[in-house]
Amino acid sequence: MQWTLIEAMREKLCFIDTPSLEDSQDNVNTIKHILDYVNNRNHLNAVCLLVQPDASRLNNSYQSRFGQLLNRLGATARKKHYFCFTHAHVSFSMPRTTAAVLRAMFASLSMNDISFHRTNTYFFDNESFRYLMAVNNGVKFDNTDQRPKSNRIAE
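Offset between the sequence shown (1-based) and the working numbering: plus 20.
#1: Which partner residues of residue 101 appear in the DSSP bridge assignment?
#2: With burial defined as no fewer than 16 other Cβ atoms inside 10 Å of the residue's Cβ, what is the status of residue 86: buried or exposed?
#3: Between 153, 152, 60, 124, which lies nearest to residue 75 when the distance is taken from Cα to Cα?
#4: Residue 139 by DSSP, collapsed to three states: which one?
#5: Can you check which of these residues, 73, 93, 140, 143, is closest to residue 58 by C-alpha distance?
#6: What does a CB cutoff of less than 6 Å around residue 141 pick up in its chain, not counting 5 residues either side in sequence?
#7: Taking the C-alpha atoms as reference points, what is the distance between residue 134 and residue 95?
#8: So, at 6 Å on beta carbons, what are the nonlocal neighbours of residue 66 in its own chain, with the 5 sequence-adjacent residues on each side left out?
#9: Residue 109 to residue 121, Cα distance in whole Å?
#10: With residue 106 as the anchor, note down where its alpha helix (DSSP H) starts and where it stops.
#11: Let me know if residue 155 comes out buried or exposed under the rule of 16 or more other beta-carbons within 10 Å of its beta-carbon.
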């Protein structure tokens, strides 16, 4: 599924949403779907890995599929890699245990050339992101829905 977040001038920022690589039931088709979609694009600006900040481990299936995907996308994709941590409000915008888990995965896959620094790491609060995606895709909200969550909870 493709989500258009920003459309300005002649540029589009699109997110290609795919099933998780942790779901081992149909990973072969997931990888094929991603590659088929990406191969029909003129260029690939970035590869964003969305992860939660408190992962204690990544299963073997995930690591294997992640390695397959990046190898098939080529060395350029490794240089265009970004890490997007979800649930930022829970982790106070810190990668927590997931940082060490990801670094260990890169080492085990001999992908030490993947940069993982503050310059390519972002944190998202899921509620805010979902709201922006909904508004940009035509979902209408009334004034009650648009107030910050903290105000709604206090009522």
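From the three backbone atoms N, C-alpha and C, an ideal C-beta is built for every residue, glycine too.
If we stick to the structure as given:
#1: 67
#2: buried
#3: 124
#4: helix
#5: 93
#6: 103
#7: 9 Å
#8: 100, 102
#9: 20 Å
#10: It is not in any alpha helix (DSSP H) - residue 106 carries neither H nor E in the DSSP assignment.
#11: exposed
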